[in-house]
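Reading through the structure tokens given below for one structure.
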Ligand SMILES: [Zn+2]
């Protein structure tokens, strides 16, 4: 198995990622990362797609069809499967993740949890959309240093927040993406050094109107970067679906019999983070 940092940059459309995430594009150019265009499931809104990214099921199947559906997940997901496999889980994420995989409703007493008896064992959770991305990356780094989790979710909100305020075609939206790109450049080298494979994607995009929810390509086309070709990669011409991403994470984590779809052409290493399969 290989440890994984799963980074969900909320509300980042594909074209903006390709234009603004300079470090990620540098990794792609150097052959150290791969990038794919993924189409989100529908509706293209947050809480339903958080559950899709963790469960491999579309919202019409897993049942979290609206942001207003506030309850724990009822289906198997990366956090529950990792916990059952005895892996240590962690998240620096919006509080809706706490509600999906630990307990609903969230309250501020759960801002930081250690050894919580849910499927996210260690966590830092926030509830204000402008909570600074640089603080959240630092929160994630603390979780990694303190707990050495096998699976960590990092979920910043500032890109989505800028998109809602100024629209998906605005300089503010693009600059929020550039800021996240710089944070990736600051932290990914040391997390890779610590043995983590890294996956960077988004739940949904952002319309020029400053919202999302429907099938338009600005709202549904999102990036998927995979970093760690020594432990996992997809065929160069692969067209992964958003519902493939949970299974991909489980495959990298070495979870047997997870039962989730996995995109074709995934290479898996047998060892812990070394050697090609
Ligand atoms: Zn949003």
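Residue numbers (this note's numbering): 910 to 1186.
Beta carbons: idealized from backbone N, C-alpha and C, even for Gly.
The structure displayed is predicted, hence computed values, not measured ones.
Sequence-distant residues of the same chain with beta carbon closer than 7 Å to residue 1116, five excluded per side: As a first step, residue 1116 is located in the chain shown; it is residue number 207 there, counting from the start. Only 1077, 1125, 1127 and 1128 meet the Cβ criterion.
CA nearest to the CA of residue 1118, picked from 1106, 1130, 1155 and 1074: Numbered from its first residue, the chain shown carries residue 1118 at position 209. For residue 1118, the nearest C-alpha among the options comes from 1074.
From 1134, 1085 and 1092, residue whose alpha carbon lies closest to that of residue 1068: Here residue 1068 refers to the residue found at position 159 when the chain shown is read from its first residue. Answer by Cα proximity: 1085.
Alpha-carbon spacing of residue 929 relative to residue 1099, whole angstroms: On the chain shown, position 20 is the one that residue 929 refers to. On the chain shown, position 190 is the one that residue 1099 refers to. Those two C-alpha atoms are separated by around 21 Å.
First and last residue of the uninterrupted beta strand (DSSP E) at residue 1167: Your numbering for residue 1167 matches position 258 in the chain shown. Neither: residue 1167 is in no beta strand (DSSP E) and is coded neither H nor E.
Stretch-stretch touch, CB-based, cutoff 8 Å, three pairs: the segment 1088-1099 with the segment 1138-1155: no
Residue 946 vs residue 1151 beta-carbon contact at 8 Å: The sequence position of residue 946 within the chain shown is 37, counting from 1. The sequence position of residue 1151 within the chain shown is 242, counting from 1. Result no, Cβ atoms of residue 946 and residue 1151 do not sit closer than 8 Å.
Local Cβ density within 10 Å of residue 1102, reported as buried at 16 or more and exposed below that: Here residue 1102 is taken as the residue at index 193 of the chain shown, counted from 1. So residue 1102 ends up on the exposed side.
Contacts around residue 960, its chain only, beta-carbon distance under 8 Å, and the 5 residues preceding and following it disregarded: Along the chain shown, read from residue 1 onward, the residue named residue 960 stands at position 51. The residues are 966, 968, 971, 973, 982, 984, 986 and 1009.
Test item: CB-CB of residue 1162 and residue 913 under 8 Å: Here the question's residue 1162 lines up with position 253 in the chain shown. Here the question's residue 913 lines up with position 4 in the chain shown. Their beta carbons are under 8 Å apart, which means residue 1162 touches residue 913 by this criterion.
Residue 1066 in three-state terms, based on DSSP: The count along the chain shown starts at 1 and reaches residue 1066 at position 157. Note: residue 1066 maps to coil in three-state DSSP.
Residues near ligand 1, criterion Cβ-heavy atom distance below 6 Å: 920, 955, 1069, 1073 and 1121
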